[in-house]
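Novice:
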Amino acid sequence: MPAASPAPDPGTTSSTASAADGGLLIGGKPFRSRLMTGTGKYPSLLVMQASLAASGCEIVTVAVRRVQSQAPGHGGLLEAIDWSRFWMLPNTAGCASAEEAIRVARLGRELAKLAGQEDNNFVKLEVIPDSRHLLPDPIGTLQAAEQLVKEGFTVLPYINADPLLARHLEEAGCATVMPLGSPIGSGQGIRNAANIALIIENARVPVVVDAGIGVPSEAAQAMEMGADALLINSAIALAGDPAAMARAMALACEAGRTAFLAGRLPIRAEARASSPLEGRLVQAGP
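For what it's worth, numbering that gives the first Met the number 0 labels the leading residue of the sequence shown as 0, then goes sequentially.
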């Protein structure tokens, strides 16, 4: 990992801050890649390993409860990943209440230690009581976040695209906010663009678009909007060729970020010629 850059000016927005430090900074820890990936739903551990390598990611999320229970696809997961190369992001997937998420987050911190990351206090906070739509509970998420921040965790909360909730979580001390683009695993793309744009505009912590991205064009769209990073799992793991899709998502993430920093052409109501009108040849009259 590169050395940490100086802290950005507190008066800058999240996107300006990330551009100023030359990379992604979460909880004081720098990362080069702006693409985070997951470990679920892959057809095999070998495919997962190839996909992680192809993605160029540095942060990999792991469902604590599934690893503990040795759920299908998670047996041998910890041993299959080189944790000297990837930063573990334990997540509280499967937790339906704040209390349950807090307990699982504590277990996740121990899991990271078992992987050799003694200083890893990261947790992706998920509180999802709705088993049908898998939408996060805003009240439970805020309650759990407040407690976990007090316990020294670097909290990355998964939320609906709610600008007010994002502000409250930032004020509570969360290291990022992670609004969903559309329901998790749906592949519907960015359905909450207006609200995500408001979150990006006002946040002073990195904004990570999480859930719903299905194809690289949607990943690029999120980054072009000014998102600081993406977390993509299902779109990669369930692709016909997961490793190829991981590479495509990495390229889209980079292209979108570069386009955002470059500044897009303003949208206009009328056409405007791209070639100059001055000096053009005019046909002589009869």
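Glycine included, each C-beta is placed from N, C-alpha and C at the ideal position. If you're wondering where the values come from, they're calculated on a predicted model, not measured in any experiment.
Just list the residues that DSSP pairs A62 with in beta bridges.
Specialist: N90.
Novice: Using C-beta distances below 6 Å, list every residue in its chain close to A95, excluding the 5 sequence neighbours before and after it, in chain order.
Specialist: Here the set comprises P128.
Novice: Is the separation between the beta-carbon of G186 and that of I212 shorter than 9 Å?
Specialist: Yes, these two residues count as a Cβ contact at 9 Å.
Novice: Between the alpha carbons of R263 and A272, how many angstroms are there, rounded?
Specialist: So the alpha carbons of these two residues sit roughly 17 Å apart.
Novice: If I'm right that S54 touches R246 with Cβ under 8 Å, what's the distance once you round it to whole angstroms?
Specialist: Yes, S54 and R246 are in contact; Cβ-Cβ is about 7 Å, under 8 Å.
Novice: For the beta strand (DSSP E) containing K28, list its first residue and its last residue.
Specialist: 28-30 is the span of the beta strand (DSSP E), which, as asked, contains K28.
Novice: From the DSSP output, which residues share a beta bridge with A228?
Specialist: Partner(s): V207.
Novice: Buried or exposed, going by whether 16 or more other CB atoms sit within 10 Å of the CB of P205?
Specialist: P205 is buried by the Cβ-count criterion.
Novice: Report the residue ranges of all beta strand (DSSP E) runs contained in full by the region 127-160; include only those spanning at least 3 residues, in chain order.
Specialist: DSSP runs (the beta strand (DSSP E)) wholly in the region 127-160: 153-158.
Novice: Name the DSSP beta bridge partners of V122, please?
Specialist: DSSP, once it has assigned bridges, lists V154 as partnering V122.
Novice: How should L147 be labelled, buried or exposed, when 16 other C-beta atoms within 10 angstroms of its C-beta is the threshold for buried?
Specialist: Buried, since its Cβ has 16 or more Cβ neighbours within 10 Å.
Novice: Going by C-alpha distance, which of A160, S233, T140 is nearest V154?
Specialist: Per the Cα distances, T140.
Novice: Cutting at 7 Å between CB atoms, please list the residues of its own chain near A171, excluding the five before and the five after it.
Specialist: Once the five neighbours on either side are set aside, the close Cβ partners of A171 are L141, A144, E145, V148.
Novice: Going by beta carbon distance, what residues of the same chain come within less than 8 Å of D81, once the five residues before and after it are set aside?
Specialist: Excluding residues within five positions, none has a Cβ falling inside 8 Å.
Novice: Identify which residue in I189, A268, V46 has its Cα closest to the Cα of Q220.
Specialist: Taking only the C-alpha atoms, the option nearest Q220 is I189.
Novice: Assuming R24 is part of the beta strand (DSSP E), what are its boundary residues?
Specialist: It is Leu, not Arg, that sits at residue 24 in the sequence shown. Counting along the chain, the beta strand (DSSP E) containing L24 begins and ends at 23-25.
Novice: Throw me the rounded Cβ distance for the M87 and A228 pair, which I believe falls under 8 Å.
Specialist: The Cβ separation is near 16 Å, so there is no contact.
Novice: Mind checking P265: buried by the 16 CB within 10 Å criterion, or exposed?
Specialist: Counting Cβ neighbours within 10 Å, P265 comes out exposed, since fewer than 16 surround it.
Novice: First and last residue of the alpha helix (DSSP H) that includes T257?
Specialist: Per DSSP, T257 belongs to the alpha helix (DSSP H) from 241-261.
Novice: Suppose the cutoff is 7 Å on Cβ atoms and the five residues either side in sequence are ignored; what does the same chain contact list for V103 look like?
Specialist: Only V63, R64, T91, C94 meet the Cβ criterion.
Novice: Keeping to the same chain, check which residues put their C-beta closer than 7 Å to that of M244; ignore five residues upstream and five downstream.
Specialist: So the list reads A234, I235, A238, once near-sequence residues are dropped.
Novice: How is P265 classed by DSSP in three states: helix, strand or coil?
Specialist: In the structure shown, P265 sits in coil (DSSP, three-state: anything other than H, G, I, E or B).
Novice: Would you mind sorting D118 into buried or exposed? The rule is 16 or more other CB atoms within 10 Å of its CB.
Specialist: The residue is exposed, with fewer than 16 neighbouring Cβ atoms inside 10 Å.
Novice: Alpha carbon to alpha carbon, how far is M47 from L23? Give it in angstroms, no decimals.
Specialist: Using only the alpha carbons, I get a separation of about 24 Å.
Novice: Report the three-state DSSP secondary structure of P42 (helix, strand or coil).
Specialist: Reduced to three states, the DSSP call for P42 is coil.
Novice: So if DSSP puts V176 in a beta bridge, which residue, or which two residues, is it bridged to?
Specialist: V206.
Novice: What residues are listed by DSSP as bridge partners for L34?
Specialist: DSSP lists L229 as partners of L34.
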